[in-house]
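Q: Before I ask anything, let me first share the structure, which is written out below as C-alpha cells.
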Amino acid sequence: MRSLRLIALLVTLSAATVAAQDTSSRAAPRRLALTPPMGWNSWNKFGCDVSEQLIRETADAMVRTGMRDGGYVYVNVDDCWHGARDSLGFIHPDPTRFPSGIKALADYVHAKGLKLGIYSDAGSKTCGGKPGSRGYERQDALMYAKWGVDYLKYDWCNTEELSAHGAYLTMHEALASTGRPIVLSICEWGTNKPWEWGPSVGQLWRTTGDIGASFATDIDRGNWKQLSVLSIIDLQLPLRKYAGPGHWNDPDMLEVGNGLSAAENRAHFAMWSMLAAPLIAGNDLRSMPPDVASVLTNREVIALDQDSLGVEAFRHSSSDSVDVWFKPLANGDWAMAVLNRAGSARKFAFDWKREQVSDSLSGRGAHLDAVRYAVRDLWAHRDLGTTQRPLAAQVASHDVLLLRLRKM
Ligand code: GLA
Numbered sequence: 087m088r089s090l091r092l093i094a095l096l097v098t099l100s101a102a103t104v105a106a107q108d109t110s111s112r113a114a115p116r117r118l119a120l121t122p123p124m125g126w127n128s129w130n131k132f133g134c135d136v137s138e139q140l141i142r143e144t145a146d147a148m149v150r151t152g153m154r155d156g157g158y159v160y161v162n163v164d165d166c167w168h169g170a171r172d173s174l175g176f177i178h179p180d181p182t183r184f185p186s187g188i189k190a191l192a193d194y195v196h197a198k199g200l201k202l203g204i205y206s207d208a209g210s211k212t213c214g215g216k217p218g219s220r221g222y223e224r225q226d227a228l229m230y231a232k233w234g235v236d237y238l239k240y241d242w243c244n245t246e247e248l249s250a251h252g253a254y255l256t257m258h259e260a261l262a263s264t265g266r267p268i269v270l271s272i273c274e275w276g277t278n279k280p281w282e283w284g285p286s287v288g289q290l291w292r293t294t295g296d297i298g299a300s301f302a303t304d305i306d307r308g309n310w311k312q313l314s315v316l317s318i319i320d321l322q323l324p325l326r327k328y329a330g331p332g333h334w335n336d337p338d339m340l341e342v343g344n345g346l347s348a349a350e351n352r353a354h355f356a357m358w359s360m361l362a363a364p365l366i367a368g369n370d371l372r373s374m375p376p377d378v379a380s381v382l383t384n385r386e387v388i389a390l391d392q393d394s395l396g397v398e399a400f401r402h403s404s405s406d407s408v409d410v411w412f413k414p415l416a417n418g419d420w421a422m423a424v425l426n427r428a429g430s431a432r433k434f435a436f437d438w439k440r441e442q443v444s445d446s447l448s449g450r451g452a453h454l455d456a457v458r459y460a461v462r463d464l465w466a467h468r469d470l471g472t473t474q475r476p477l478a479a480q481v482a483s484h485d486v487l488l489l490r491l492r493k494m
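Structure follows, in C-alpha cells:
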C-alpha cells in the first residue's frame, strides 16, 4: 500500500516537473525586454517607402544624434521590405529596395552596436499586401534568425478566422525553436485583449489602433481612424496592471518630430515615458532638428520610462482639462506629469501636503504630508525647490510639466 502511494506520488511529481518545464520553455523570455524596448521604426514617417539605404542612414543617424547612447537600440524596418517566396517557400527581400539582402543589413546595424527589427503579419498578407507568414511561420522565423534579426513586429491584417492567441503563440514557438533571442512585438491593436495572454507569448503588445501625428483629434481615414495622442493616453487607463518588466503595453510608436508642435512633442514623449511605453521613434532621424533631438534624447525623461520598477503611471486627478499623473520609481522617487489637454494655457496649483498620492498596484505611497521631496523640472533641467511649499505653475496648451520628486 505504502509503495503504491509512493509510486503515485512520484508519478504526480514528475508530471508536475514536466508541466513546469513545458510552461517555462513555452513562455516568452522576459529578460529580452526587462525595460521597455527603445528604437526606431520606418512606418510612421516612410510607410511603404523603405530601402536598405534608408535603414543604413538611419542607423548612422542613431549614432550621430546621440540616440544610441541615450538607450535606443532597435532599428526596425516595418511593412513592405518583402519580395517573393522562392520555390521552397522561403521569403526574400525586395531585390530593388534591399539589393544587398537582410543579412548584410543586419551586419551593418550590428557593427554600430544596434539591433535590427523586421515586420511580418500573422495572416496571408501583410497590411501593405505583401506576403504574410500564415503557414510559413517556421520558415520565416528560420530566415529571420539566419539573417541575424533581433526583433519581430507581427501584424494582424488578413487573418480571417484565426485565433489571435494561437497565431501569436505559433510565431512565438517558431522564433523560440531557432534558438536566437528575438523580441516578439504583438501588433493586433488590442482587439483580442492581448494584455491577457501576451505576457506568455511576446514582450510587448499594441493596445490600440494606429497612432496619427495629431495631438488632440483623431484623423478620419474613411473606414478607419488614426488615433490622437490624447485618445491613446485615455485608452491606457484600465491597462496599467498588465505591464511590468519583460511584458509591456504598447500604445504605438512615437510621432515626435512628425509635425506636432514643440509642446506636443514634449507632452507626447513625457506621457509615453510615464506609461513605461516602448520608445520607438517614428521620425526621419537623418534630418532631425535640434529641438526634436533634444526631446528624444532627454535622459532624465528616458530614465522614467526605463525605470527598473516597471510600473506605469496612474492618473491622480483630472479637472479643467488638466490631468495629473504619478509614477512610482524603483529608488523611492516619484515622477509627476501635469498634462494640459486644452487649447489654451492653464494655471496649475498643487499643495503637496494636502494630496494623497498612493498606488495600490505597487503598494507605494508618496506620503507627501510627512516626507519632503526635492522637485526637479525634467524639461527645463532645473531644480524647483521642495515640496515644503505649494507648487504654482502655468502650463501652455498641449504642454506638460514633468517633474521628478526626490526624497530628501
Ligand atoms: C498596421 C500596423 C502599423 C503598420 C502598418 C503597416 O496598420 O498597426 O503600425 O505596421 O500596419 O502596414
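If you use the working numbering, the sequence shown corresponds to residues 87 to 494, in order. Even glycine gets a Cβ: it sits at the ideal position worked out from N, Cα and C. Predicted, not measured: the structure shown is a model, and the values here were computed from it.
(1) For GLY209 and GLU259, which I take to be in contact (beta-carbon distance under 8 Å), what is that distance rounded to the nearest angstrom?
(2) Considering only residues of the same chain and omitting the five flanking positions on each side of GLY345, which have a CB-CB separation below 7 Å?
(3) Does the contact criterion of 3 or more C-beta pairs under 8 Å hold for the stretch 119-127 versus the stretch 358-374?
(4) Can you give the beta carbon distance from SER128 to ASP164, rounded, assuming they're within the 8 Å contact cut?
(5) Give a yes or no on contact between the stretch 225-233 and the stretch 165-177, applying the rule of three or more CB pairs nearer than 8 Å.
(6) Just to check, is the beta-carbon of TYR205 closer than 8 Å to a non-hydrogen atom of the ligand GLA?
(7) Got a sec? Which residues, its chain only, sit under 7 Å from ARG385 by beta carbon, not counting five neighbours each side?
(8) Starting from HIS258, trace the beta strand (DSSP E) in both directions and tell me its first and last residue.
(9) Can you tell me where the beta strand (DSSP E) with ALA208 in it begins and where it stops?
(10) Using only the alpha-carbon positions, how far apart do GLN107 and ALA113 sit?
(11) Could you check if GLY298 belongs to the surroundings of the ligand GLA, using beta carbon to heavy atom distance under 8 Å?
(12) Using only the alpha-carbon positions, how far apart do ARG450 and THR264 sit?
(13) For LEU491 and SER271, I'd like the C-alpha separation in whole angstroms.
(14) Below 7 Å CB to CB, which residues in the same chain sit around TYR194 once its five sequence neighbours on both sides are set aside?
(15) For LEU202, write down the residues that DSSP places opposite it in a beta bridge.
(16) For ARG326, which residues in the same chain have their Cβ closer than 7 Å to its Cβ, ignoring the five residues on either side in sequence?
(17) For LEU415, list the residues DSSP reports as bridge partners.
(18) Going by the beta-carbon positions, is the gap between ASN335 and LEU371 smaller than 9 Å?
(19) So the beta strand (DSSP E) SER405 belongs to, where does it begin and stop?
(20) Just to check my reading of the structure: PRO337 and TRP358 have Cβ atoms closer than 8 Å, yes? What is that Cβ distance to the nearest angstrom?
(21) For VAL410, which residues of its own chain have a beta-carbon under 6 Å away from its beta-carbon, when the five flanking residues on both sides are left out?
(22) Just to confirm the assignment, what range does the alpha helix (DSSP H) spanning VAL195 have?
(23) How should ARG207 be labelled, buried or exposed, when 16 other C-beta atoms within 10 angstroms of its C-beta is the threshold for buried?
(24) Which of the three DSSP states, helix, strand or coil, is assigned to TRP281?
(25) Is any heavy atom in the ligand GLA found nearer than 8 Å to the beta carbon of ASP164?
(26) Look up THR144 in the DSSP assignment and say whether it is helix, strand or coil.
(27) Is the beta carbon of LEU200 closer than 9 Å to that of ALA356?
(28) If you follow the alpha helix (DSSP H) that ASN351 is part of, which residue opens it and which one closes it?
(29) If you drop the 5 nearest sequence neighbours on each side, which residues of the same chain put their C-beta closer than 7 Å to that of MET229?
(30) Beta-carbon within less than 8 Å of SER394's beta-carbon, same chain only, minus the 5 sequence neighbours each way: which residues are those?
A: Judging by the given coordinates:
(1) The pair is not a contact, with the Cβ atoms about 18 Å apart (cut-off 8 Å).
(2) Here GLY345 has ALA299 as same chain residues with Cβ atoms under 7 Å from its own Cβ, once five neighbours each way along the sequence are excluded.
(3) Two segments are said to touch when three or more pairs of C-beta atoms, one from each, lie closer than 8 Å; by this definition the stretch 119-127 touches the stretch 358-374.
(4) The beta carbons of SER128 and ASP164 sit about 5 Å from each other, so the pair counts as a contact at 8 Å.
(5) As far as the Cβ criterion goes, the stretch 225-233 touches the stretch 165-177, which means the pair count is three or higher.
(6) Correct: TYR205 has its Cβ closer than 8 Å to the ligand GLA.
(7) Excluding sequence neighbours, ARG385 sits near GLY156.
(8) Under the DSSP assignment, HIS258 falls outside any beta strand (DSSP E), being part of the alpha helix (DSSP H) whose first and last residues are 250-264.
(9) For ALA208, no beta strand (DSSP E) encloses it, and the DSSP letter there is neither H nor E.
(10) With a pLDDT of 37 at GLN107, under the threshold of 50, the predicted position of this residue should be treated as unreliable, though the coordinate-derived value follows. C-alpha of GLN107 to C-alpha of ALA113: approximately 10 Å in a straight line.
(11) Incorrect: GLY298 has no Cβ contact closer than 8 Å to the ligand GLA.
(12) Each residue's Cα considered, the two are about 41 Å apart.
(13) Cα to Cα, LEU491 sits roughly 32 Å from SER271.
(14) By the criterion of a C-beta distance shorter than 7 Å, TYR194 is surrounded in its chain by ARG142 and ALA145, once the five residues flanking it on both sides are discounted.
(15) Paired residues: VAL161.
(16) Taken in chain order, the residues that qualify are GLU398, PHE400 and LEU447.
(17) Per DSSP, LEU415 has no beta bridge partner at all.
(18) Their beta carbons are not under 9 Å apart, which means ASN335 does not touch LEU371 by this criterion.
(19) In the DSSP annotation of this structure, the continuous segment of the beta strand (DSSP E) that includes SER405 starts and ends at 400-405.
(20) Rounded, the Cβ-Cβ distance is 7 Å, consistent with contact.
(21) Same-chain partners within the cutoff: HIS402, SER403 and VAL424.
(22) In the DSSP assignment, VAL195 falls within the unbroken alpha helix (DSSP H) covering 187-197.
(23) Per the sequence presented here, residue 207 reads as Asp, with Arg not at that position. The residue in question, ASP207, is buried, as its Cβ has 16 or more Cβ neighbours within 10 Å.
(24) Three-state DSSP puts TRP281 in a helix.
(25) Yes, since a heavy atom of the ligand GLA falls inside the 8 Å radius drawn around the Cβ of ASP164.
(26) DSSP places THR144 in helix when its eight states are reduced to three.
(27) In this structure, ALA356 keeps its C-beta atom at 9 Å or more from the C-beta atom of LEU200.
(28) It spans 348-360 - the alpha helix (DSSP H) in which ASN351 sits, taken as one unbroken run.
(29) PHE176 and ILE177, listed in sequence order.
(30) Excluding residues within five positions, the ones whose Cβ falls inside 8 Å are LEU120, THR121, PRO331 and ALA416.
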